[in-house]
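Numbering (this note's numbering), first residue to last: 10 to 395. Glycine included, every Cβ here is placed at the ideal spot set by N, Cα and C. First comes the structure, then the notes that go with it.
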Ligand SMILES: *Cc1c(COP(=O)(O)O)cnc(C)c1O
């Protein structure tokens, strides 16, 4: 037996652990101060009571004749049907067999690597850390594509050798907030079909999109033969604690004569035992017309937060798409992003995320999250104005 030595290559400290440690240390000497957390990308609003009641009612079934044992590994048909109905409204035709319900997008992003033997990953820099770390732990080669002001903080193909890759696209992007247009995505879909690459499309923020940018990669012609879409109820319906997401692997997606849909089915049935019935009932409700309206209220609240935050940075360079809960701020050249983090913490008692924590090209930036309570956002505005 040998252990996986790739674990030695990965950095010990996860970004948010480091941030929490620094904030904790600051708190030790400043226990009287109200520190505003605009760092972590986690929802903060309580869930709607109706949504919770749907789940508690379903949980109460377990004490009755309606008791349920193991859930189906890939999800109950009632939820798959609700997901297909949601995509139909977007203009995308998928069937229940294309949908795999999971305990979250974060898990699937890592687990999907099980389908590939050796691969080269193409990942944005800055990036959501899980894309990079999961590939390093598997010993994969990684090509980083810088997100810069010049390319609108979006991944562009320019200069990428025509080879077969695993391509990670997150739109609206975490951390920059940039959103891929139909044209942007079409270029990647054509590249992927031409080179036998596979696009992993992380759609965690689809419900924040308010302009014409695609809410699914399958709205782009040709995507079903090259793309896997990973989505989550975490940000759209406040499920970060409850855990529910789904991955779409179209039956049209084949490589080396194998159906990736059949492979993912085998993988999930072998390594995963499904999401609890009452959680899936909640997710189903979140996708109903009534549930969508309810969830949209919280999303609009966070979007309004983002607008207020934006108004704090007049005269500074930043990217803030109306499709995203994040603000990507260019900081003054005299600071590194960790220095700016310390400066904001010490002078304004505000926590942000240093851009360098998302990758080398994140240096010179910090990320603010609008997933906070309104009173904290307004306090931040007040403090930053002085
Ligand atoms: C929050 C987030 C997710 C959601 O992960 P879950 O495991 O479903 O909570 C996925 N991808 C990105 C980029 C995110 O920011």
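Residue i versus residue j - alpha carbon distance
{"i": "residue 20", "j": "residue 149", "result": "16 angstroms"}
{"i": "residue 213", "j": "residue 14", "result": "31 angstroms"}
{"i": "residue 250", "j": "residue 257", "result": "22 angstroms"}
{"i": "residue 142", "j": "residue 292", "result": "29 angstroms"}
{"i": "residue 37", "j": "residue 303", "result": "40 angstroms"}
{"i": "residue 226", "j": "residue 337", "result": "24 angstroms"}
{"i": "residue 99", "j": "residue 231", "result": "17 angstroms"}
{"i": "residue 77", "j": "residue 85", "result": "12 angstroms"}
{"i": "residue 123", "j": "residue 116", "result": "12 angstroms"}
{"i": "residue 130", "j": "residue 264", "result": "16 angstroms"}
{"i": "residue 270", "j": "residue 259", "result": "6 angstroms"}
{"i": "residue 274", "j": "residue 342", "result": "49 angstroms"}
{"i": "residue 56", "j": "residue 63", "result": "12 angstroms"}
{"i": "residue 191", "j": "residue 93", "result": "21 angstroms"}
{"i": "residue 223", "j": "residue 388", "result": "34 angstroms"}
{"i": "residue 333", "j": "residue 187", "result": "8 angstroms"}
{"i": "residue 208", "j": "residue 178", "result": "7 angstroms"}
{"i": "residue 221", "j": "residue 327", "result": "22 angstroms"}
{"i": "residue 392", "j": "residue 70", "result": "50 angstroms"}
{"i": "residue 217", "j": "residue 11", "result": "45 angstroms"}
{"i": "residue 355", "j": "residue 319", "result": "21 angstroms"}
{"i": "residue 174", "j": "residue 206", "result": "5 angstroms"}
{"i": "residue 167", "j": "residue 121", "result": "26 angstroms"}
{"i": "residue 361", "j": "residue 267", "result": "45 angstroms"}
{"i": "residue 282", "j": "residue 160", "result": "42 angstroms"}
{"i": "residue 101", "j": "residue 228", "result": "6 angstroms"}
{"i": "residue 359", "j": "residue 193", "result": "35 angstroms"}
{"i": "residue 396", "j": "residue 312", "result": "The structure shown does not extend to residue 396, since the chain is modelled only from 10 through 395, so no value can be given for it."}
Limits of the unbroken beta strand (DSSP E) element including residue i
{"i": "residue 378", "result": "374-378"}
{"i": "residue 300", "result": "No beta strand (DSSP E) holds residue 300; the alpha helix (DSSP H) holding it covers 298-319."}
{"i": "residue 51", "result": "Per DSSP, residue 51 belongs to no beta strand (DSSP E) and is neither H nor E."}
{"i": "residue 114", "result": "Run containing residue 114: none in the beta strand (DSSP E); it sits in the alpha helix (DSSP H), 114-120."}
{"i": "residue 367", "result": "Residue 367 -> no beta strand (DSSP E), and no H or E assigned at all."}
{"i": "residue 257", "result": "254-257"}
{"i": "residue 109", "result": "108-111"}
Cross-strand partners of residue i (DSSP beta bridge)
{"i": "residue 337", "result": "328 and 376"}
{"i": "residue 129", "result": "150"}
{"i": "residue 165", "result": "Looking at the DSSP assignment, residue 165 forms no beta bridge with any residue, so it has no partner."}
{"i": "residue 211", "result": "179 and 239"}
{"i": "residue 264", "result": "267"}
{"i": "residue 155", "result": "134"}
{"i": "residue 145", "result": "Beta-bridge pairing links residue 145 to no other residue."}
{"i": "residue 45", "result": "359"}
is_contact[residue i, chain B] using C-beta, thresh 9 angstroms
{"i": "residue 51", "result": "The question asks about chain B, but that chain is absent: this structure has only one protein chain."}
Closest by C-alpha distance to residue i, when choosing among the options
{"i": "residue 285", "options": "315, 267, 297 and 254", "result": "254"}
{"i": "residue 211", "options": "241, 191 and 185", "result": "241"}
{"i": "residue 290", "options": "60, 26 and 53", "result": "60"}
{"i": "residue 364", "options": "339, 300 and 92", "result": "339"}
{"i": "residue 58", "options": "391, 354, 247 and 331", "result": "247"}
{"i": "residue 67", "options": "316, 318, 377 and 294", "result": "294"}
{"i": "residue 385", "options": "370, 315, 344 and 369", "result": "315"}
{"i": "residue 239", "options": "215, 186 and 382", "result": "215"}
{"i": "residue 18", "options": "70, 147, 10 and 262", "result": "147"}
{"i": "residue 51", "options": "379, 296 and 134", "result": "379"}
{"i": "residue 347", "options": "326, 371, 136 and 42", "result": "371"}
{"i": "residue 195", "options": "159, 157, 234 and 318", "result": "234"}
{"i": "residue 287", "options": "54, 79 and 10", "result": "79"}
{"i": "residue 382", "options": "324, 310, 159 and 366", "result": "310"}
{"i": "residue 329", "options": "120, 137, 162 and 152", "result": "162"}
{"i": "residue 262", "options": "323, 87 and 202", "result": "202"}
{"i": "residue 24", "options": "366, 377 and 376", "result": "366"}
{"i": "residue 170", "options": "139, 48 and 153", "result": "153"}
{"i": "residue 182", "options": "331, 96 and 29", "result": "331"}
{"i": "residue 345", "options": "137, 108 and 368", "result": "368"}
{"i": "residue 236", "options": "28, 252 and 199", "result": "199"}
{"i": "residue 54", "options": "321, 335 and 244", "result": "244"}
{"i": "residue 140", "options": "119, 158, 321 and 114", "result": "119"}
{"i": "residue 89", "options": "108, 74 and 26", "result": "108"}
{"i": "residue 335", "options": "278, 185 and 276", "result": "185"}
{"i": "residue 277", "options": "43, 112, 97 and 144", "result": "112"}
Residue i, enclosing alpha helix (DSSP H) - first and last residue
{"i": "residue 187", "result": "Per DSSP, residue 187 belongs to no alpha helix (DSSP H) and is neither H nor E."}
{"i": "residue 342", "result": "Taken as a continuous stretch (DSSP letters only), residue 342 belongs to no alpha helix (DSSP H), as it is neither H nor E."}
{"i": "residue 386", "result": "383-394"}
{"i": "residue 90", "result": "86-99"}
{"i": "residue 172", "result": "Note, residue 172: premise wrong, no alpha helix (DSSP H); not H, not E."}
{"i": "residue 35", "result": "24-38"}
{"i": "residue 16", "result": "15-18"}
{"i": "residue 60", "result": "58-69"}
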